[in-house]
Amino acid sequence: MAASVNAQPARSSHPPQTVPQSGRKTLAWLGRLFLRLILIIQALIVVYPLVWNVLASLKTNEEVMENPWTLPKHFNWSNYVNAFTTARIGDYMLNSVLVVAMSMAILLAAALPTAYALGRMNFRGKAFTTNVYMAGLFIGGVYIIVPLFILMNNLHMLDNRFWLSAVYATGSLPFSVYLMIGFMKSIPKDFEEAALIDGCGYTSTLFRIILPITRPAIVTLIVFGFFDFWNEYVLALTLITSDEKKTIPIGLSNLMQIQQYATDWGSLFAGLVIVLIPTIIIYALLQKRLTDGMMMGGVKG
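Here it is, written out as structure tokens:
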């Protein structure tokens, strides 16, 4: 009996070493501090060019050329006046607003019913049609610009803001359908069954039940579409030839060409600020809904 007791390994009288509670709190605090420093640095990297652009738009040409890093001595608001009068930024902005509005209307009218059919219904050829839309994600408008130009020229669609809007909407349709299908699949079937019992058809169910539920996805779609349409340059430059129909990116290009001879750098930076203002406002107002929409999006099932 004594031998068996002696054969047992001796247990250590010291408890296993663990990190003290105060040490864990210190590590957690250091981790949060490091994360905040990284976020602050990233915010400065993003914000600093915007602030610099705004300050440069209020300087004279001499101040920009001599020392672009200093603050302006006086706020030269005439740069914004020159941007509107010399390069007609106001006219180009109105054209962009019109093109973006028509593009969004066409895109929503095409994407929402398509995503509803592909996400909620079962029919022959559904998988093939869905794959066709998914393949469209990898086709950029720049890659097909030559055949697109020839086709629109033969159909007499060039230099028309409506057909430019239709091209914009068609190019964004695959991503929009991809985004909306995920929301459509996440909605329980009980809503549709209750609507059918109440006498709603597919169209009434779409507008009365499905679209209100998918509002975050629609907001996300609108924000992404606005950014794409507002800043698009190559298609607008190729498909629009009349100066009075060109959009804001083309207006900035004209302003840059003017400043090459007149060295009006202040007006150039003022034009850039004018273009940035709508995008910043839209993102600031809809940032939370945009984030929620992206978190809930994606194809499911």
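Each residue of the sequence shown is one higher than the one before, starting from 1468 at the first, in my numbering.
For every residue, glycine included, the Cβ atom is placed at its ideal position computed from N, Cα and C.
Does DSSP put residue i in a helix, in a strand, or in coil?
i	result
Thr1537	coil
Leu1525	coil
Asn1627	coil
Phe1542	coil
Val1644	helix
Phe1590	coil
Lys1712	helix
Leu1622	coil
Tyr1583	helix
Val1609	coil
Asp1665	coil
Within 10 angstroms of the Cβ of residue i, are there 16 or more other Cβ atoms? Answer buried if so, exposed if not.
i	result
Gly1692	buried
Asn1620	exposed
Ile1556	buried
Ala1737	buried
Tyr1750	exposed
Lys1755	exposed
Just to confirm before moving on: does the CB-CB distance between residue i and residue j stay below 8 Å?
i	j	result
Thr1672	Ala1662	yes
Val1518	Trp1732	no
Val1686	Leu1579	no
Ile1676	Glu1659	yes
Ser1524	Val1690	no
Met1647	Arg1587	no
Val1771	Leu1631	With the chain covering only 1468 through 1768, there is no way to say anything about residue 1771.
Cα-Cα, which of the options is closest to residue i?
i	options	result
Leu1706	Ile1689, Ala1633, Val1644, Gly1668	Ala1633
Met1601	Phe1629, Arg1591, Leu1575, Gly1649	Gly1649
Thr1714	Ile1664, Leu1678, Glu1660, Arg1628	Arg1628
Leu1719	Asp1710, Lys1712, Leu1704, Leu1735	Leu1735
Phe1694	Phe1542, Lys1540, Leu1743	Leu1743
Ile1617	Leu1502, Phe1501, Leu1702	Leu1702
Asp1626	Glu1711, Gly1607, Asn1721, Phe1590	Glu1711
Trp1544	Asn1528, Leu1494, Arg1682	Asn1528
Any contact of the region 1628-1643 with the region 1558-1570, i.e. 3+ C-beta pairs under 8 Å?
Yes: at least three Cβ pairs fall under 8 Å.
Would you call the region 1547-1562 in contact with the region 1610-1620, where contact means no fewer than 3 C-beta pairs closer than 8 Å?
No, because fewer than three Cβ pairs between the region 1547-1562 and the region 1610-1620 fall closer than 8 Å, the two stretches do not touch.
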